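S.K.: Below you'll find the structure I mean.
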Amino acid sequence: MKHFRYILTGILISGVVLGGCEISSDVGAPPSNGSINNTMFVSIGNSLTAGFQSGVLKESNQRYSFPNLIAQQLGIPSDNFAQPIIPDPGIGTPPITITSLNPPALETGVAATNPSNTSHPRPFNNLGIPGAILFDALDTSSIQARSATRGNPFYMVVMRNQAAFGKSMIEQATKLGPTFITFWLGNNDVLGYATSGGTRGTNLGLGGTTPRTLPTEKLIFKQLFEGSLTTLMAFNPNASIVVANIPNVTDVPFFTTVPIKIPNPTDPTKLLDIYYKKNDGTVAVAQPGDYVLLTAQAVIGTGPNRSMGLHPLTPLDSKYVLDAGEVAIATKAVQDFNEIIRNFTQAKNIPLVDINAEFAHIKAEGYNVAGQEFTTDFITGGLFSLDGVHPSSRGYGIVANMFIKKMNEAFNANIPFVDVIDLPGIPIPAGKIGKGYQPGMKIAPGTFDAMISMFLSK
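Spelled out as C-alpha cells, the structure:
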C-alpha cells in the first residue's frame with residue numbers, strides 16, 4: 022500500500038424538476054451567493070468532476086464540467102477557475118461518436134493531445150482526475166509512477182508539479198487557499214468492479230480476499246473518507262464544503278441497455294437467451310437480476326455461426342455480465358459507502374448532495390426541464406454521454422443544479438440554476454432512433470476498454 026499522510030478521526034431558470042420536486046431560484050429576490058465566499062473555488066473529484074464525456078476528456082466538453090458551470094453561476098470569472106485544458110480531440114478512449122442510426126453504430130476516433138495550459142502557475146481549481154479512487158485524495162506518491170503503473174495519464178495532466186503545488190490532491194487544493202470546496206470521490210471504488218463484470222476491483226485484500234477483485238473494503242473506505250475530509254477541514258478551516266455521495270451503479274445505461282434476451286435476427290418475434298461464463302467457469306443463462314453490460318454488444322452474435330453469447334458452447338466471458346450475486350456485492354458497497362458519507366457529513370454539519378437519490382428518481386421517473394424529458398436511456402435519454410457512464414453536457418448541467426439546490430438551502434443563497442436546455446445535446450446524425458435497446462446496434466470491440474481500465478487500480 023502506498024504511504025500517505027492524513028489526520029485520522031476515531032437569467033433565472035424556474036420549473037426544473039429535481040428529485041421529484043420542482044425547484045427554482047427565488048424569482049422575487051436578486052441572485053445571491055449567501056454565505057458562500059466565491060473568492061477561491063476548488064473542486065476535488067474524479068472523471069465526473071473533470072467533465073469526462075463519451076470516453077474522452079477534451080476542451081469542448083470540459084467547459085460543461087459541473088464545477089465550471091457552478092463557477093459561472095457563482096459569478097466567478099473564467100480566469101479565476103482554472104481547468105487543465107485539453108484541446109480536441111482530447112485524451113481518453115479515444116472519443117466515441119455515433120456514425121449511423123439505423124441501426125445505431127458507435128465508433129472511436131483519434132485522441133491523445135497535450136494540455137494547452139501546463140504552465141499555469143498554480144494548482145488547477147478543477148482537481149477532477151479521471152480514474153481517481155478515494156485513496157488518491159491523500160496519496161503523496163509520485164504522479165509519474167502512478168500514471169505509469171495504472172496506465173492513466175491524468176495524474177500528470179491534472180497535478181503536474183508536486184514539488185511546487187503539493188504531493189496530494191488535498192495538498193494542491195489547500196495550496197490555493199480555497200474559500201469554497203466541492204468533494205465528490207468514491208464512485209470508482211465500486212464502479213471499476215461493476216464495469217468489469219465483477220472480474221477486477223480496488224480492494225486491498227483484507228479478510229483473506231484476493232486483492233483487486235472486489236470493491237474497496239468498507240473499513241478502508243471509512244478511514245480514507247474520514248481522513249480526507251478531516252484533513253481538508255483542518256487545513257482549510259474557513260472554507261465552506263459541499264460533499265456528494267455515490268449513485269447506484271446500475272442506474273446508468275452502461276448496465277441497463279442490453280437486455281438479458283435479444284430478438285432473433287432471423288425472426289424478431291422470438292427472443293434468444295444470452296449465455297455467459299461465470300467467474301467459477303460454469304456457463305449460465307442471463308436471468309432477471311443479471312445485467313448484460315454495454316461492452317457485450319460488441320461481441321454478441323459474432324464468431325463462428327454468429328453464435329457468441331447465444332449458445333452454451335460459445336458463452337460470453339464473465340467480464341461482459343454483472344450477475345445477480347455481483348450486483349448484490351456492488352449494491353452493498355454503494356450502501357456502505359453512502360452510510361459512511363452520510364454519518365460523517367451529518368456529524369460535521371457538511372451539506373450533502375444526495376446524488377444517489379436524485380439518479381434513482383431520474384431512472385424511475387425521468388427528469389423534466391422546460392417540457393423536455395430526460396431519462397437514463399442510452400443515446401436518446403439525453404442525460405448520459407455515449408460511454409454510458411458519464412453524463413452528457415446537459416447531464417452535467419443537471420448535476421450542477423443538484424449541487425446548486427443544496428448550496429441554496431445550506432448557505433441561505435439564491436444562486437441561479439444552470440439553463441440546461443441552453444447546453445449542447447449529444448451530437449446525433451440526422452434521422453430517427455428508437456428508444457431503448459436497438460437490435461443490431463454496432464459497437465466496435467474494445468470501445469470501452471480504456472475507460473474501464475481507468476476506473477481500476479493496478
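For what it's worth, this note's numbering labels the leading residue of the sequence shown as 22, then goes sequentially. Even for Gly, the Cβ is constructed at its ideal location relative to N, Cα and C. These figures come from a predicted structure and were not determined experimentally.
#1: Let me confirm a value: E394 is counted as buried when at least 16 other C-beta atoms fall within 10 Å, else exposed. Which label applies?
#2: Ignore the nearest five residues each way along the sequence and tell me which others in D272's own chain have a CB closer than 7 Å to its CB.
#3: Can you say whether M221 is buried or exposed, counting buried as having 16 or more other CB atoms within 10 angstroms of its CB?
#4: Is L315 closer than 8 Å to F469 when the C-beta atoms are compared?
#5: Assuming G403 and I447 form a contact by the criterion Cβ under 8 Å, report the distance between their Cβ atoms to the nearest whole angstrom.
#6: Taking Cβ positions, are Q165 and M177 nearer each other than 8 Å?
#7: Can you tell me where the alpha helix (DSSP H) holding Q93 begins and where it ends?
#8: So K291 is in the beta strand (DSSP E); what residue range does that whole segment cover?
#9: According to DSSP, is Q308 helix, strand or coil?
#10: From the DSSP output, in three-state form, read off A71 for me.
#11: When you compare only the Cα positions, how much space is there between I436 and K426?
#12: Can you give me the C-alpha to C-alpha distance between S140 and I150, rounded to a whole angstrom?
#13: Looking only at C-alpha atoms, which of N209, L235, D294 sits nearest to H332?
#14: Identify the continuous beta strand (DSSP E) that holds F62 and give its terminal residues.
#15: Please classify F405: does DSSP put it in a helix, a strand, or coil?
#16: Rounded to whole angstroms, what is the Cα-Cα separation between S99 and E386?
#17: In the DSSP assignment, find the alpha helix (DSSP H) that holds F201 and state where it starts and stops.
#18: In the structure shown, what three-state DSSP assignment does P284 receive?
#19: Relative to the alpha-carbon of L444, which residue among L225, A465, V355, I419 has its alpha-carbon at the smallest distance?
#20: Secondary structure at D338, three-state DSSP: helix, strand or coil?
#21: Could you pull the DSSP bridge partners for S13 from this structure?
#22: I need the DSSP call for T251, collapsed to helix, strand or coil.
M.R.: In terms of the structure at hand:
#1: Translated into positions along the sequence shown, residue 394 becomes position 373. Taking all protein chains shown into account, E394 has fewer than 16 neighbouring C-beta atoms within 10 Å of its C-beta and is therefore exposed.
#2: For the purposes of this step, residue 272 is taken as residue 251 along the sequence shown, with counting starting at 1. Cβ neighbours of D272 beyond the five flanking positions: F380, A381, K384, T397.
#3: The residue you call residue 221 lines up with position 200 of the sequence shown. Looking at the sequence provided, one finds Arg at residue 221 rather than Met. Its Cβ being crowded by 16 or more others within 10 Å, R221 is buried.
#4: Taking the sequence shown and counting its residues from 1, the one referred to as residue 469 is at position 448. Taking the sequence shown and counting its residues from 1, the one referred to as residue 315 is at position 294. For F469 and L315, yes; Cβs fall inside 8 Å.
#5: Taking the sequence shown and counting its residues from 1, the one referred to as residue 403 is at position 382. Taking the sequence shown and counting its residues from 1, the one referred to as residue 447 is at position 426. The pair is a contact, with the Cβ atoms about 7 Å apart (cut-off 8 Å).
#6: Working through the sequence shown from its first residue, we reach residue 165 at position 144. Working through the sequence shown from its first residue, we reach residue 177 at position 156. Contact flag set, yes.
#7: If you number the sequence shown from 1, residue 93 lands on position 72. Element bounds for Q93: 87 to 94.
#8: Here residue 291 corresponds to residue number 270 of the sequence shown, with the count starting at 1. Its beta strand (DSSP E) spans residues 288 to 294.
#9: In the sequence shown, residue 308 corresponds to position 287, counting from 1. Residue state for Q308 is assigned as coil, using DSSP reduced to three classes.
#10: By 1-based counting over the sequence shown, the position of residue 71 is 50. Three-state DSSP puts A71 in a helix.
#11: One-based indexing of the sequence shown puts residue 436 at position 415. One-based indexing of the sequence shown puts residue 426 at position 405. The alpha-carbon atoms of I436 and K426 are separated by roughly 8 Å.
#12: For the purposes of this step, residue 140 is taken as residue 119 along the sequence shown, with counting starting at 1. For the purposes of this step, residue 150 is taken as residue 129 along the sequence shown, with counting starting at 1. If you draw a straight line from the Cα of S140 to the Cα of I150, it comes to about 18 Å.
#13: As a first step, residue 332 is located in the sequence shown; it is residue number 311 there, counting from the start. The option with the nearest alpha carbon to H332 is D294.
#14: In the sequence shown, residue 62 corresponds to position 41, counting from 1. That run of the beta strand (DSSP E) goes 62 to 66.
#15: Counted from its first residue, the sequence shown places residue 405 at position 384. Looking at F405 - three-state DSSP - the assignment turns out to be strand.
#16: One-based indexing of the sequence shown puts residue 99 at position 78. One-based indexing of the sequence shown puts residue 386 at position 365. Near 35 Å, if we compare the C-alpha coordinates of E386 and S99.
#17: Position 180 of the sequence shown, counted from the start, is the residue given in the question as residue 201. Premise fails: F201 lies in the beta strand (DSSP E), 201 to 205, not in any alpha helix (DSSP H).
#18: Reading the sequence shown from its first residue, position 263 is the one you call residue 284. Strand, per DSSP.
#19: Residue numbering aside, residue 444 sits at position 423 when the sequence shown is read from its first letter. Checking every option, the nearest Cα to that of L444 belongs to I419.
#20: As a position in the sequence shown, residue 338 is number 317, starting the count at 1. Coil.
#21: In the structure as shown, the chain starts at 22 and stops at 479, and residue 13 therefore has no counterpart that could be examined.
#22: As a first step, residue 251 must be located in the sequence shown, where it is residue number 230. Three-state result, T251: helix.
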